[in-house]
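First up is the structure itself, then whatever we jot down about it.
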Amino acid sequence: MEIAIAIVTLILLCILTLNALYFFISMIISDWKANKAAKELSNLFNKLIEEKKTNKTTNIDYSKMNIIDLKKIAQKKKIKGYYKLSKDELLKVLRETEILAK
Numbered sequence: 011m012e013i014a015i016a017i018v019t020l021i022l023l024c025i026l027t028l029n030a031l032y033f034f035i036s037m038i039i040s041d042w043k044a045n046k047a048a049k050e051l052s053n054l055f056n057k058l059i060e061e062k063k064t065n066k067t068t069n070i071d072y073s074k075m076n077i078i079d080l081k082k083i084a085q086k087k088k089i090k091g092y093y094k095l096s097k098d099e100l101l102k103v104l105r106e107t108e109i110l111a112k
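For the sequence shown, the numbering used here gives the first residue as 11, with consecutive numbering after it.
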């Protein structure tokens, strides 16, 4: 009888130890994921700031460009329907996006 009680006690201690280990490991993983997400968010924020700085300082004379180059720029700026626009329409849209970016 005493041996059975000792075995049950040992099993319960093992279960409690495993439960505590699981808890600590899950805390470490959760903290690691939070730090990773924070770093990714920080990198994205810094990248956006850099893009904003470069967009403000560049004044491009679009009127001297051909329509193919204008369409490439519009594609990079993710302007919807750019491929249907004429050169004059592209010039207008690109100038408007420059003004909105500032």
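Heads up, the beta-carbon is just placed ideally off N, CA and C, and yes, glycines get one too. All values reported here derive from a predicted model rather than from experimental measurement.
- Inclusion of residue 81 and residue 93 in the CB contact set at 9 Å is warranted, their separation being smaller than that value.
- DSSP places residue 37 in the helix class (H, G or I) of the three-state scheme.
- A distance below 7 Å between beta-carbons, with the five flanking residues on each side excluded, links residue 87 to the following residues of its chain, in chain order: 107.
- In the three-state scheme derived from DSSP, where H, G and I count as helix and E and B as strand, residue 86 is classed as helix.
- Spatial neighbours of residue 101 in its own chain (CB-CB distance under 8 Å, excluding positions within 5 residues in sequence) are listed in chain order as 72, 73 and 80.
- Residue 48 is classed as exposed because its beta carbon has fewer than 16 other beta carbons within 10 Å across all chains shown.
- Residue 110 has its alpha-carbon roughly 18 Å from the corresponding atom of residue 98.
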